[in-house]
Amino acid sequence: MQVKHLIILLVSMVLSACAAVSFTHATGASGQAVTNAEVQTDNTVVLTYPNGSACIDTHPVASQTCRTGGP
Numbered sequence: 179m180q181v182k183h184l185i186i187l188l189v190s191m192v193l194s195a196c197a198a199v200s201f202t203h204a205t206g207a208s209g210q211a212v213t214n215a216e217v218q219t220d221n222t223v224v225l226t227y228p229n230g231s232a233c234i235d236t237h238p239v240a241s242q243t244c245r246t247g248g249p
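Encoded structure:
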């Protein structure tokens, strides 16, 4: 019976770890909808709107993705 409880505990822990995802609602100027969203390898998020794009850099010191003139 203890093995069953241990398995249930481990499964619960794994599911909790997977649930650590952030959901964000994004709207551009004048209520424009996002036409594309990409997560880069360094977890930087690039949102594309009909009239431009926005960048959310999760590692601003190490990453060049969101900097002007970056790669």
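For the sequence shown, the residue numbers in this note's numbering are 179 to 249.
Each residue gets a CB set at the ideal place from its N, CA and C atoms; glycine is no exception.
Residue i, DSSP secondary structure in three states
i, result
"VAL212", "coil"
Buried versus exposed call for residue i [16 or more other C-beta atoms within 10 Å across all chains shown]
i, result
"ASP220", "exposed"
"ILE186", "exposed"
Pick from the options that is closest to residue i, judged by C-alpha positions
i, options, result
"ASN229", "VAL189, LYS182, ILE185, GLY209", "GLY209"
"GLN218", "SER190, CYS233, HIS183", "CYS233"
C-beta contact flag for residue i and residue j at 9 Å
i, j, result
"THR124", "VAL223", "Because the chain is modelled from 179 through 249, residue 124 falls outside the range shown and cannot be assessed."
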